[in-house]
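Just so we're aligned: 6 in the working numbering is position 25 of the sequence shown, and the numbers increase by one with no gaps anywhere. C-beta atoms are modelled at their ideal positions from N, C-alpha and C, and glycine is treated no differently. In this text, all values refer to a predicted model and were calculated from it rather than measured experimentally. Right, one structure below, let's go through it.
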Amino acid sequence: MKLNHVKWLAILLLGAGLLAAAIAYFITAETPKLAVAVPAGVLLIGGLSVLIFGFRCPACGSRLGLRYKNVLTMTHCPDCGTDLYEQE
């Protein structure tokens, strides 16, 4: 999967999870909050998992999300120096 696609997938999952969590917070007592809160948690955990484990260097395969907190703005791999967007 291309790095831009992984980046947008992570942002989409996190945004959807936060939106679902906000909806679950403002739901009235007549509607079960758990029916919205559980999918919100799943989306948030999925987005964080993509951020942590989904970002890999296309050349050397090192996991960038586990070691670097600025993975969304990186342009070069710190290990091998490869341009992360050149091989797309």
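Boundaries of the alpha helix (DSSP H) in which residue i is found, first to last residue
i: R48; result: 45 to 48
i: I33; result: 15 to 34
Cβ neighbours of residue i in the same chain (closer than 7 Å, five flanking residues each side left out)
i: G6; result: Reading off the sequence, residue 6 comes out as Tyr, not Gly. Excluding residues within five positions, none has a Cβ falling inside 7 Å.
i: K(-12); result: L53
i: L1; result: Reading off the sequence, residue 1 comes out as Ala, not Leu. So the qualifying residues of the chain are V17, P20, A21, L24.
Buried versus exposed, by CB contacts within 10 Å (16 or more), residue i
i: A84; result: Here the chain comprises residues numbered -18 to 69, so residue 84 is not present and cannot be evaluated.
i: L45; result: buried
i: A3; result: exposed
i: F34; result: exposed
i: L47; result: exposed
8 Å CB neighbourhood of residue i in its chain, flanking five on each side removed
i: D60; result: C38, C41, S43
i: T56; result: D64, L65, Y66
i: I8; result: K14, V17
Stretch pair the region -4 to 5 + the region 17 to 37: three plus CB contacts closer than 8 Å: Counting Cβ pairs under 8 Å, three or more are found: they touch.
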